[in-house]
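Notes follow once the structure below has been shown.
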Amino acid sequence: MSARIAVIFYSSTGNVRDLAAALATGAEDEGAEVRLRQVAELAPAEAIAQNPRWAAHREATADEPLASIEDLEWADGFAFGSPTRFGLPAAQLKQFLDQTGGLWARGALADKVGTAFTSASTGHGGLEATVLAINTVLYHWGALVLPLGYTGAPATALGNPYGASWVSRKGAAPDDTALGAARHQGQRLARFAAAVAAVRTA
11 MSARIAVIFY SSTGNVRDLA AALATGAEDE GAEVRLRQVA ELAPAEAIAQ
61 NPRWAAHREA TADEPLASIE DLEWADGFAF GSPTRFGLPA AQLKQFLDQT
111 GGLWARGALA DKVGTAFTSA STGHGGLEAT VLAINTVLYH WGALVLPLGY
161 TGAPATALGN PYGASWVSRK GAAPDDTALG AARHQGQRLA RFAAAVAAVR
211 TA
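Heads up, the sequence shown is in this note's numbering, so the first residue is 11 and it goes up one at a time.
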């Protein structure tokens with residue numbers, strides 16, 4: 011059976027969105043049905059306006075679909091992406107995750123597969139810590155945590171076994187290595203989510 015995958019992310023200037031799109035493509039390559047969804051923006055307009063890249067990204071993605079809690083119930087597997095904020099996911103993604111208490115209480119997120127990815131502006135800006143923080147939510151849901159690992163050439167080239175990531179020095183967009191790792195992560199997610207879903211529904 012093919013998997014249903016929800017790729018849910020927050021991106022301020024577009025780097026995490028690029029990783030999310032690559033991850034979604036990887037899942038689709040494995041035959042998965044994918045929902046690519048951004049979470050709602052929480053920052054005030056005046057803060058966004060002070061950063062031209064942030065403002066441009068907001069305008070360019072204004073009409074793209076927003077994530078809903080129903081996307082999580084629908085999915086067999088999920089990938090969560092966020093820029094790192096002091097080693098933690100951005101408040102926008104955290105606010106979305108904080109709405110999942112009802113699904114958690116019903117056990118609707120248990121025995122599904124989850125993974126995470128991120129971007130930062132500095133090499134030691136908290137990439138691993140952000141992925142681990144997102145994964146903590148998955149532990150509480152009873153989901154199966156899927157790391158990127160050193161599981162193939164794209165992942166090994168990236169050098170971060172926690173999840174696809176990108177260090178955006180001077181605002182640089184993700185390179186082919188980072189995007190290749192994200193696609194690989196999406197492929198893994200689709201394969202394992204499909205296998206687990208088959209067991210879960212048997």
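The beta carbon of each residue, even a glycine, is placed where N, CA and C say it ideally should be.
Keep in mind it's a predicted model, so treat the numbers as computed, not measured.
Determine whether the beta carbon atoms of S21 and Q48 lie at a separation below 8 Å.
yes
Let me know if P75 comes out buried or exposed under the rule of 16 or more other beta-carbons within 10 Å of its beta-carbon.
exposed
With a 10 Å radius around its C-beta and 16 neighbouring C-beta atoms as the bar for buried, classify E40 as buried or exposed.
buried
Which whole-angstrom value is the C-beta distance of L113 and E83, which I expect to be below 8 Å?
6 Å
Can M11 and A143 be called in contact, C-beta distance under 8 Å?
no
Check each candidate in E38, A192 and Q197 and name the one with the smallest Cα separation from N25.
A192
In the DSSP assignment, find the unbroken beta strand (DSSP E) run with Q60 in it and report its ends.
Counting along the chain, Q60 falls outside any beta strand (DSSP E), and DSSP gives it neither H nor E.
Can you check whether the CB of G124 is closer than 8 Å to the CB of A100?
no
Taking the beta carbon of R116 as the centre, do at least 16 other beta carbons fall within 10 Å, making it buried, or is it exposed?
exposed
Going by alpha carbons, who is nearest to A120 out of A31, A203, R27 and V17?
A203
E138 - containing alpha helix (DSSP H), residue span
L137 to W151
Pick out whichever of L98, A66, A205 and A32 has its Cα sitting closest to the Cα of T187.
A32
Same chain, Cβ closer than 7 Å to Q105, neighbours up to 5 away in sequence not counted:
The answer, listed in chain order, is L52.
Do the CB positions of A130 and P93 come within less than 8 Å of each other?
yes
For W176, which beta-bridge partners are listed by DSSP?
Among the bridge pairs identified by DSSP, W176 is matched with S129.
Span separating the alpha-carbon of A163 from that of A200:
18 Å
Spatially closest choice to I15 from P54, D81 and A65, by CA coordinates
Of the residues P54, D81 and A65, the one whose Cα lies closest to the Cα of I15 is D81.
Given L98, which residues of its chain have a CB within under 8 Å of its CB, disregarding the five upstream and five downstream residues?
K104, G136, A139, T140 and A143
Short check: CB of G181 to CB of R63, under 8 Å?
yes
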